[in-house]
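Here the structure comes first, spelled out in structure tokens, and everything after it is commentary.
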DNA sequence: TTTAACTAAATGACTGGTCAGTTAGTTAAA
DNA sequence: TTTAACTAACTGACCAGTCATTTAGTTAAA
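Protein chains in written order, with the numbering used here: chain L, 722 to 951; chain A, 722 to 951.
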């Protein structure tokens with residue numbers, strides 16, 4: 722109703738060169754995940770970011786450049802220390818898996834973190850660059866580290882002799898399945914609360930099954946210690 | 722240069738009312754999986770199906786109707802007997818899982834079968850109908866059957882007491898992960914041959930780990946029989 | 001301290017191409 | 001000859017990317 726008494730009205734825009742790119746990428750991520758790349762108009766991204774369409778093109782050369790910058794920004798910070806930690810570990814892989822699983826799922830429970838791999842999976846066929854970036858920077862580093870972890874665990878006799886490539890898929894797969902069922906098909910585990918992923922229960926069940934499965938056979942070196950049940 | 726000597730030339734088109742819809746859906750499935758729904762032009766579908774663009778609209782009311790008919794056609798034949806078989810089973814769930822796993826993966830190794838869930842996952846956010854159809858006709862029937870299988874297995878003391886909702890995700894997840902890595906990120910297990918999924922090795926590793934993990938604790942009823950190792 | 005000249009951030013109308021869906025006309029088949 | 005399957009040209013909406021113009025903020029002379 723009442724205009725401010727000060728003579729000068731609020732300015733039409735502010736000049737904020739530093740903040741714009743991140744704000745545009747944030748807006749784009751939301752929209753891409755919600756509606757997909759092709760159905761998101763550049764003008765929508767601009768509006769949500771609080772700028773005009775033209776401004777988007779001041780910071781990004783094309784719509785494609787936006788999604789690439791988006792993934793680039795996200796994958797820069799994910800791996801690194803964790804991979805090194807896993808890669809250097811000597812001993813029973815179950816120890817480190819028990820530590821990492823909750824941290825991993827905590828990260829993936831943040832919608833803005835999970836959004837990026839979801840986006841990459843969805844747009845990969847039409848944007849191979851995204852898949853390549855994600856492979857080179859994230860999966861291609863994490864996966865070999867886990868394989869190496871299993872290899873040394875088997876050599877040390879801490880765990881059963883299995884194909885490490887396949888074992889890694891058995892470690893990660895249940896998490897993927899859990900998220901996919903909920904996210905794509907709206908299928909959630911039984912719970913009192915709605916939309917409750919029950920991550921701790923998933924981790925508990927998964928690691929219980931997996932760790933018992935990884936228990937070395939009685940002919941293997943380290944079997945003297947009692948099996949860890951329940 | 723030289724026209725055929727026969728007086729009547731080859732006809733410009735044939736009238737094939739019965740065959741058209743399936744041919745159009747086949748063409749559409751290929752293109753949707755390859756390039757995604759939005760980037761596939763109706764004219765491309767028509768050309769690949771050997772008809773004109775207008776002909777597509779004789780059989781389908783819109784482009785959306787094409788993808789819906791596609792999924793509808795595919796999910797009609799998938800489940801049924803298998804689900805009933807699992808649902809009625811009494812005994813150690815591992816028996817029936819051992820039987821089903823290779824059949825399941827054999828089906829999923831057919832690119833035209835795998836194409837449908839891939840498509841549904843990708844297009845679900847913009848076409849909720851697809852996700853609903855797939856949930857009601859496939860996942861929503863298979864998943865509860867597996868949960869029931871686990872429940873009765875635990876009640877009978879054949880397997881360890883775990884959360885059945887979560888256990889189901891642990892059973893299916895590794896397959897999903899395996900296919901996703903190869904398909905989206907072009908990451909394949911070590912092999913002499915290129916693009917070799919090594920399905921039997923995945924099944925072997927997965928079931929080895931899982932079945933040992935499912936082994937009931939020594940306080941449970943059926944534990945008298947010797948554990949089945951490697 | 002004021003203000004005029006200047007820089008560059010930001011706008012928004014416009015364009016050219018693309019494509020879903022329509023329709024008038026053509027042709028195979030009964 | 002009739003009919004309906006089919007084609008091909010057409011239309012109108014939509015949207016990525018451009019650019020002439022406007023405006024916020026900065027600098028320096030008075």
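All C-beta atoms in this analysis are idealised placements derived from N, C-alpha and C, irrespective of residue type, glycine included.
Within chain L, partners of residue i - CB distance below 9 Å
i: residue 755(A); result: 846
i: residue 852(A); result: 905, 906 and 907
i: residue 752(A); result: The contacting residues do not exist; residue 752(A) stays about 11 Å from chain L at best.
i: residue 922(A); result: 884, 886 and 887
Nearest neighbour of residue i, chosen from the options [CA to CA]
i: residue 769(A); options: 927(A), 750(A), 902(A) and 937(A); result: 750(A)
i: residue 847(L); options: 755(A), 829(A) and 731(A); result: 755(A)
i: residue 771(A); options: 782(A), 784(A), 746(A) and 759(A); result: 746(A)
i: residue 844(L); options: 937(A), 760(A), 862(A) and 738(A); result: 760(A)
i: residue 849(L); options: 886(L), 785(L), 807(L) and 887(L); result: 785(L)
i: residue 821(L); options: 910(L), 918(L), 893(L) and 782(L); result: 893(L)
i: residue 788(A); options: 806(A), 816(A) and 752(A); result: 752(A)
i: residue 891(A); options: 876(A), 867(A), 905(A) and 877(A); result: 867(A)
i: residue 777(A); options: 802(A), 801(A), 748(A) and 865(A); result: 748(A)
Environment of residue i [buried if 16+ CB atoms lie within 10 Å]
i: residue 915(A); result: exposed
i: residue 743(A); result: exposed
i: residue 824(L); result: exposed
i: residue 828(L); result: exposed
i: residue 907(L); result: exposed
i: residue 809(L); result: exposed
i: residue 775(A); result: exposed
i: residue 734(A); result: exposed
i: residue 936(A); result: buried
i: residue 728(A); result: Because residue 728(A) sits at a pLDDT of 49, beneath the cut-off of 50, its placement in the model cannot be relied upon, and the point is left open.
i: residue 950(L); result: For residue 950(L), the predicted structure reports a pLDDT of 41, less than 50, and the residue's modelled location is therefore unreliable. The matter cannot be settled from this model.
i: residue 902(L); result: buried
i: residue 813(L); result: buried
i: residue 725(A); result: Note that residue 725(A) scores 41 on pLDDT, short of 50, meaning its location in the model is unreliable and no value can be drawn from it.
i: residue 757(A); result: buried
i: residue 779(L); result: exposed
i: residue 737(L); result: exposed
i: residue 895(L); result: buried
i: residue 722(A); result: Unreliable placement is indicated for residue 722(A), whose pLDDT of 38 sits below 50; the coordinate value is still reported in the next sentence. Residue 722(A) is exposed by the Cβ-count criterion.
i: residue 732(A); result: exposed
Beta-carbon neighbours of residue i, restricted to chain A and to distances below 9 Å
i: residue 764(L); result: In chain order: nothing, as chain A lies at least about 17 Å away.
Residue i: contacting residues in chain L (beta-carbon distance under 8 Å)
i: residue 804(A); result: By Cβ distance, chain L contributes nothing, its closest Cβ being about 16 Å from residue 804(A), past 8 Å.
i: residue 759(A); result: 757, 759 and 760
i: residue 855(A); result: 906
i: residue 821(A); result: The contacting residues do not exist; residue 821(A) stays about 16 Å from chain L at best.
Interface partners of residue i on chain A, CB under 7 Å
i: residue 910(L); result: 886 and 887
i: residue 937(L); result: Residues of chain A passing the Cβ test: none, with the nearest at roughly 10 Å.
i: residue 883(L); result: 926, 929 and 930
Anticipated Cβ contact below 8 Å, residue i with residue j, distance rounded
i: residue 887(L); j: residue 913(A); result: Not quite, the Cβ-Cβ distance comes to about 16 Å (not below 8 Å), so this is no contact.
i: residue 863(L); j: residue 900(L); result: About 16 Å; that fails the 8 Å criterion.
i: residue 926(A); j: residue 883(L); result: 5 Å
i: residue 889(L); j: residue 871(L); result: 7 Å
Beta-carbon neighbours of residue i, restricted to chain L and to distances below 7 Å
i: residue 898(A); result: 890, 893, 894 and 897
i: residue 933(A); result: 933, 934 and 936
i: residue 860(A); result: 906 and 908
Listed by chain order, chain A residues near residue i by CB distance under 8 Å
i: residue 901(L); result: 842 and 897
**Item:** Three-pair Cβ contact test at 8 Å for the segment 790–806 of chain L versus the segment 842–860 of chain L
**Value:** They touch, by the three-pair rule.
**Request:** Evaluate contact between the segment 916–935 of chain A and the segment 920–935 of chain L, counting only Cβ atoms and requiring at least three cross-stretch pairs below 8 Å.
**Result:** Below 8 Å, enough C-beta pairs join the segment 916–935 of chain A and the segment 920–935 of chain L to call them touching: three or more.
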